[in-house]
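Protein chains in written order, with the working numbering: chain A, 24 to 976; chain B, 1057 to 1229; chain C, 4 to 464; chain D, 28 to 244.
Below, the structure is given as structure tokens:
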């Protein structure tokens, strides 16, 4: 069993730790990475200790360092604080100061660390089928650039994703100044064109709406998913859950959702209506009408119009605290109508100037590039950090377009689909390797600082832009500092240091703008769609596909289906029944000429006549992890309505496919509901806990066993189920913190997985709910007395330990665990039998040196992050005091956007955990078994509108 | 050096009968060799009760005590720890090992005592040299008497004939 | 002390005899049993060699499988995160079950003074020995890190660590170990007089020396026989509780958990009966084969099959009763998980196997109510085979059903056996056959001295 | 009919029977003896180094403080091996030409680290923290032996789990006052029995040092 890469692998064998050539700083940092491990490694062969030649400032071997930086998602920044050990970044944490993080992370942020060490990353420039050098690229580029410069940049085009980096924007500006005729196109697959259009339509000017959920009491989401996956997720989820904390029914936020398929918002909503996307506008109209809009009566089915009427009543009753949101799938006029409605309701929302200042729509921009190429207007195309060949809408036919460009350069982290079609490819640095800056969705800027020297011979965007401007040896640090020269004021260096430390550039958040009264758009109701409608959304685990080669994300189970390593078409139960299809049937989708074959999942609670699926799969050049997983829906995507395409036909192929999922049974009935009890605010308000048949944590069943003796510490965890939105941030955080290995699709198919923390996805009365399942650390743990070698054992702080190096692998503990939270290394998933490229030396750099890497044949499980507990205890002991409240934060707890997870010390009478365990909602899962779990839950609470019949919840 | 008179019989009943007569006629019975146990003949020899069962009992109890002692020492004294909140001295769970090992050692002690009482292993014994002795382990019954003095050899011969001995041999031991 | 002789069979009628005329007479019995060992040339071993080759091949596969388990990991089996136990455990329980019967038969029948024990106990005990030994292999290869199996032993070590005595697996370890060693002693003691016979019948030097050494110089003196009988009987008295405890412990591997369908007080006795059941079935099979292979019709008679069929009938009824009790308590207890499991057993993934096992273990053996079926070796043999299959199914289903369908629906999964599961299973069987074939060539398959005694008691024809 | 066995066969047979019992017991005993022997634990074996660094000279002779080189020992789990620069602080003036020090000079010149050979090795799954031991009154020499008298470094303690446990179960005999932590010539006083208990009271708050989680994670 090895603590991490260096110890077990290379250093012992005396090879350099990483197979690329090293320069002092990064190399020695990585070398010394070995020290901590080497000091504690085993085995006969002689081991070496490799100290620094000169110790970098602030570095103490064995002690981690924290650096604030920011990670992009769809071009917007999320502030993070990255932990680095001996120069190896190993863990991403949230940055409390950052508005898009608030101290929490999302799964993409957590997983970014693995991408950094991805062996499939592009390592050197590449052209005409062989490895090249930067200088040769420059040589090839210079004459062309000169030619373009003389022609004022005519024929030169730049293609990027969404850009919010002030520095980069400035650079591009400078470039366009130098070459006025140069074109800058930009395309982000996860766009917001409709939303922008809506604002334009309503206010006559571009604006971004920022809801103030904390002030809202009633929110109607029309096909909108504010807590869904994206750059705003953490912030919005936090605010919505805050507003929903169980208080008096009218004190806490009530959430309505109307949506075609299941979204996280829909799952959380108190009332949800499944409706075809086209007809959602009718609900908006219905509501607008009750607010006095002179619009024509929309035809709605009885249930829907009832729903609309009740919601409308509730909304207008809460004028000033009521809000209606329309999602990106809804066309501009519906968006505009919602703005009008909000204006009538005095909805709590602010407006800012769009952070992404480019006005033209993404698909529009891409289409114009394509047409420009077709007319031969573009001789040189430079693609930076984008992958249009893969993620451009199919009907643009971008693939052949690029082929026509005489000289196309792709600069990106991977030699992806686009790289393959371009004349040149050059490696871009990972975001953790270079200097830059970025704005969050609310405009707040952060400086991105490097955690490690570039692992490969790559350059960052600023260097590229500089190169285009003609300056070859520019340092991006200087470029970035330049951008902010004016900001600092006098003591600029102090300001800069502080800014780097905080991870946030002070007062850069976009200010509110005042807007005219929104116009009431003439919205015509829609008739029900004849054919099937295909609706898309960013994938819960891969988002837009750019992270497809990240094994943590690939193996992260999606909400509602628990699918891993692939995507599927989701079909309503009724439709599936009509078409005679079941889970796993492969169908053919047809829209115009475009066809696609894929397997389906039957989804109860989805609107009929709707086929939903997610982006991000079917990559062909993602790497050894991501290539060939799932199907590529971009091919069926339409440029003008990117998120939905009407008139899709579906037909059976007769083939079947084994869709991989980590959970197979979802429906809970009768007594089984004890597994995920659901309460309503109403009975909760009057409720004394007797009413809800919950196993109260401290109502311990009688026992013959002696009462345990605890002194200083007794750890316990409380998880608020109604705060869990099912976003998986905790799952990936746990994986990153605890060196949890990936098993790969074959093993998943064998029914094996390794996640220490899973999310149970149960459906009660047709409503899904999420229960995070870490180890329960039972007081009377069933797993302990059955272990013949005492590898599963209780410690004096109440933790249920798993001593890997003592475990012989009888698996008696797991078979006797009623919660099934233990995980067994059937193969050496992290120890010689890794999946795909995960065994590469470089990948081992991601391991957390404070946690053993488990070898084949041993059991493992959640430890409450015992390494963090131990660390805190040792620090406290050095200072001769006890660990303080909040000093120990588990990885899942830290990651959770809604702070649903809490760890505390029961021996501390003032600890918050006590109130969470004595709360009326508190229950012990399967407590009736007498296991006395230390992990307890707070029951799920909904806030239904009493005007709704009990029937529809 | 002593001599043995080995008197061979073809079947159990005659053999048993002969033994009884010989006894009543004050011939000294030294031993009997049979292909299967013939208890009533064994009764005719002076013998003390077997010590096999006491040995087994002692061995078994001792082993059980040691086993439980080991469990107690390791779980309560040497390295006490909390396993599922169970008491350190979880005697109900500690019962089986003493039981099983106790029985095992009882068996071993029994076997050892058996060897002591039978004097086995004794691979070479004078009687093996006697012709026909090999059939003792198959279908012959042999009575071992103390050879009579010179004066009454005649009588002895007649007597043995009368009880139906099929052969009489003398062996030195 | 004089227990066997208490049954006075001098006036035994033909029906009450356990031997046929052709076998009566000491020499006849000795000859028919010893001949295969000492006068090989008089026998046609073709079939034996074929069987030997086949089982040897099977055994090689078995050990290849074990090698792969060591080198690649138990991941090559079908076990998964939820159903962490699989064939290895089922095979272990099954083999141990079979391993029980030999000692049960010979010890219990000895205590019950059943004369028909004489001609069956030897090969039954051999079966016990080999089955138990093979059963002992499975818990070890089933470990994730099999090379550390010795951590289950309290041995002096520099870690200052001990086994965790509360675990049923530790009990298993000691129960099996003690049982195997005990069985060896019990078996060997019974063999000493027979080795002496073989020593004396051997025509060539080598066998004489080997058997002679094994016989320890047994002379069959009154003193020997007396000590022998005391020891043998005392061992029998200890053997019965040991056997019962052994399979009770195996039952407790499951019963001491808190899983639905496992946590049942009925398990220990129900496992013991199950063990005796499958064990007897296996003895019947072996009896038929030995009888046919060594022409022992005179010693292993229809009467033996008749009486063993009766035992199996009894056992099948008890098994049926145990199943019914399980179902009733599951339903009557009203615990969600228990009821859910009960429903799953009859309707779930493995329902067809479950019905098969009920058929094999409970329904079909009822045919033994009819004397003609009991008295036809063919039918008894066939049903015995079915019982063995049924009992294996029972063991695998005890593992699968509970683990596939316990308290946490989100983790309900199913078990898909791999080729290696099957190879380890059948491989172990081949290895058993191999051991058995070697045994019948080297050791008298029937206890000669006990048969001699039996014949003597039954008197002349 | 001749005798099958000669008389000595009886002796052979008896000894075989005895061996059946004795051999396994003896085997276990020997196995333990080997596992506990210095051959296995590596105790008191010298490890040669690229540069024959002498603690005897630097600590015993010059009286350098441990922390001069092992800077992390009070704050970090890792005591730390000094960077080349630390060596050169003196050796840029002293023995500048000594052949013995060539590797050090090279290291500095080509910016390549010196590869020292480990002396005290713990398994990967053991998490040893120097700083907490130092803070709790376990001095350097308690585990590392009297380095002041070691020309070449050797492993002074067996470093077996049992050895660690002995102290974790009863630390008192090994606790010294914080003042003496880095004193290489420190000897425990005769009344350590009492002093140790008092110091343990002062320094130790965690009563559960034998918990698995203390060392294994």
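Glycine residues also receive a C-beta, built at the ideal position from the N, C-alpha and C atoms.
Note that this is a predicted model, so its numbers are computed, not measured.
For residue 116 of chain C, the closest Cβ of chain B is not nearer than 8 Å. The DSSP-derived three-state label of residue 450 of chain A is strand.
For residue 817 of chain A, the nearest beta carbon of chain B is closer than 8 Å to its own beta carbon. Of the other Cβ atoms in all chains shown, fewer than 16 fall within 10 Å of the Cβ of residue 1206 of chain B; this residue is therefore exposed. In terms of CA proximity to residue 773 of chain A, C:86 leads the group C:86, C:207, C:143 and C:161. Within chain D, no residue has its CB atom less than 9 Å from the CB of residue 1216 of chain B, the nearest being about 22 Å off. When only Cα atoms are considered, residue 161 of chain A and residue 420 of chain C end up about 59 Å apart. By the Cβ test, the stretch 809-819 of chain A is not in contact with the stretch 949-961 of chain A, since fewer than three Cβ pairs between them sit closer than 8 Å. Non-local C-beta neighbours of residue 83 of chain D in its own chain, meaning closer than 7 Å and more than five positions away in sequence, comprise 175, 176, 177 and 178, ordered along the chain.
In chain order, 779, 780, 914 and 915 place their CB closer than 6 Å to the CB of residue 757 of chain A, counting only its own chain and leaving out the 5 sequence neighbours on each side. DSSP lists A:739 as the beta-bridge partner residues of residue 927 of chain A.
Distance from residue 225 of chain C to residue 1097 of chain B at the Cβ level is roughly 6 Å; contact confirmed, criterion being Cβ atoms closer than 8 Å. Listed along chain B, no residue sits closer than 8 Å to residue 200 of chain D by beta-carbon distance, the nearest being about 18 Å off.
Taking CB atoms only, residue 290 of chain A has no neighbour in chain B less than 8 Å away. In this chain, the beta strand (DSSP E) harbouring residue 469 of chain A covers 468-471. In this structure, the beta-carbon distance from residue 242 of chain C to residue 189 of chain C falls below 8 Å. Taking each of C:322, C:409 and C:313 in turn and checking the Cα distance to residue 393 of chain C, the smallest one comes out for C:322. Here the alpha carbon of residue 82 of chain C sits roughly 18 Å from the alpha carbon of residue 140 of chain C.
Across the stretch 40-62 of chain D, CB contacts with chain B closer than 9 Å involve 40, 41, 43, 44 and 48, in sequence order along the chain. The closest CA to that of residue 599 of chain A, considering only A:117, A:622, A:580 and A:585, is found on A:622. The beta carbon of residue 555 of chain A sits no closer than 8 Å to any beta carbon of chain B. Nearest Cα to residue 296 of chain A within the set A:894, A:668, A:319 and A:789: A:789. The DSSP-derived three-state label of residue 1160 of chain B is helix.
By the Cβ test, the stretch 837-856 of chain A is in contact with the stretch 881-891 of chain A, since at least three Cβ pairs between them sit closer than 8 Å. Among the residues of chain D, those whose CB is under 7 Å from the CB of residue 215 of chain C are 31 and 32, following chain order. Following the DSSP letters along the chain, one finds residue 816 of chain A inside the beta strand (DSSP E) bounded by residues 815-817.
With a beta-carbon spacing of about 16 Å, residue 117 of chain A and residue 107 of chain A fall beyond the 8 Å limit used to define contacts. Using a CB distance cut-off of 8 Å, residue 728 of chain A counts as an interface residue toward chain B.
Here DSSP, grouped into helix, strand and coil, assigns residue 142 of chain C to helix. When DSSP assignments are scanned along the stretch 76-124 of chain D, the uninterrupted stretches of alpha helix (DSSP H) that are 4 or more residues long and fall wholly within it turn out to be 93-96 and 111-118. In this structure, the beta-carbon distance from residue 640 of chain A to residue 654 of chain A falls below 8 Å. Neighbours of residue 84 of chain C in chain A, taken as residues at a C-beta separation under 7 Å, are given in chain order as 774, 775, 776, 846 and 847.
With the rule of 3 Cβ pairs closer than 8 Å, the stretch 686-701 of chain A does not count as touching the stretch 434-446 of chain A. According to the DSSP secondary-structure assignment, residue 1150 of chain B is paired through a beta bridge with no residue.
Listed in chain order, the non-local C-beta contacts of residue 1194 of chain B below 8 Å within the same chain comprise 1091, local neighbours out to five positions each way being set aside.
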